[in-house]
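Right under this line is the structure:
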């Protein structure tokens with residue numbers, strides 16, 4: 124009887140404890156998130172964020188199971204009309220920050236974001252943020268993914284981004300970036316990230332320094348870039364996906380006699396590339412190929428997967444012939 128009475132008493136006491144004593148969420152993190160919500164205008168999308176509930180159970184929030192600190196904040200879509208508040212930097216254990224499809228989110232990235240020294244994933248995409256991409260992002264040394272795609276960022280690409288030692292994916296596509304690809308992008312040391320720079324206003328020649336590193340995926344499409352693309356190819360390279368379409372590249376394709384066996388996607392359409400298609404292409408297991416709208420001539424080599432594509436992969440060249448185009452005479 125005494126044991127049962129004791130157990131019931133403990134249960135009743137626990138059920139009447141204040142939320143602040145029974146919740147998982149760290150009080151400092153909860154205060155920060157409530158201030159963040161207020162700065163964002165108390166949008167409906169953050170309706171679950173209330174002082175009377177455990178913030179580890181709020182929408183868009185994830186707590187670390189070991190220390191119950193906020194480790195992930197992902198706000199996807201919603202009625203947010205604001206800038207990114209400075210208070211975003213007051214979540215010291217944050218590893219993932221994703222702000223996506225918030226079309227009324229404006230302004231620039233606050234420098235307080237550099238306080239997030241455990242941040243691994245930073246995604247700010249499909250917003251109306253503008254201004255230059257800040258060089259202070261290079262202080263986030265733990266980043267593995269930096270995605271700033273589908274925004275209105277302008278100006279040049281900060282060369283300091285090449286100092287991020289753990290970077291695996293860099294998405295700067297679909298912005299209004301100008302100037303050349305930084306020469307420093309040939310200086311990645313510990314890891315060489317997959318780089319996506321498409322749909323910008325980049326100009327200049329591809330830096331020769333890029334020959335020093337091995338990329339796996341590279342998308343430079345829909346810019347105004349020039350130069351020789353041979354720096355990315357060769358038997359010692361590891362590139363798998365290469366999209367250089369819709370630029371101003373002009374070089375002799377015939378001179379490229381070696382391609383890495385890893386290459387599976389090659390898109391060169393809408394440039395001014397001339398010469399013949401290299402015979403070495405027949406030794407590749409290409410999943411996708413497009414060389415249309417160039418100045419290529421000669422017969423399409425027979426072999427490999429070059430005959431697996433329809434004529435749209437080859438048409439609108441100066442005098443390219445052979446299946447799937449018309450026969451050579």
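Numbering (our numbering), first residue to last: 124 to 452. By construction, the Cβ of each residue, glycine as well, lies at the ideal position given by its N, Cα and C atoms.
Nonlocal neighbours in the same chain, by C-beta distance under 6 Å from residue i, ignoring five residues either side
i	result
residue 298	274, 276 and 323
residue 279	302
residue 319	294, 296 and 342
residue 447	433 and 434
residue 221	197 and 246
residue 187	194
residue 169	160
residue 182	171
residue 255	278
Backbone secondary structure at residue i - three-state DSSP
i	result
residue 406	helix
residue 453	Given that the chain is displayed from residue 124 to residue 452, the structure contains no residue 453 and the question cannot be resolved.
residue 187	coil
residue 251	coil
residue 388	strand
residue 394	coil
residue 269	strand
residue 169	helix
residue 428	coil
residue 221	strand
residue 411	strand
residue 153	helix
residue 349	strand
residue 297	coil
Residue i burial status per 10 Å Cβ neighbour count (16 or more: buried)
i	result
residue 294	buried
residue 189	exposed
residue 288	exposed
residue 345	buried
residue 174	exposed
residue 153	buried
residue 272	buried
residue 360	buried
Cα-Cα separation between residue i and residue j, rounded to whole angstroms
i	j	result
residue 355	residue 244	27 Å
residue 215	residue 231	21 Å
residue 141	residue 268	Summary for residue 141: the model assigns pLDDT 44, below 50, so the residue's position carries little reliability; its value from the coordinates is reported in the next sentence. Going by the C-alpha atoms only, they are around 39 Å apart.
residue 393	residue 437	11 Å
residue 445	residue 422	5 Å
residue 258	residue 425	48 Å
residue 210	residue 410	46 Å
residue 332	residue 150	49 Å
residue 417	residue 403	19 Å
residue 218	residue 156	15 Å
residue 373	residue 229	39 Å
Any non-hydrogen atom of the ligand GDP closer than 7 Å to residue i Cβ
i	result
residue 281	Judged by which ligands are present, the structure shown has none, so any question about the ligand GDP falls away.
Residue from the options with nearest C-alpha to residue i
i	options	result
residue 193	203, 212 and 321	212
residue 340	370, 375, 306 and 383	383
residue 387	400, 377 and 408	408
residue 147	158, 261, 176 and 399	176
residue 191	201, 200, 179 and 199	179
Same chain only: Cβ atoms within 7 Å of residue i, ignoring 5 sequence neighbours per side
i	result
residue 204	164 and 227
8 Å CB neighbourhood of residue i in its chain, flanking five on each side removed
i	result
residue 368	344, 345, 390, 391, 392, 393, 394 and 413
residue 311	285, 290 and 336
residue 440	414, 415, 416, 417, 418, 419 and 420
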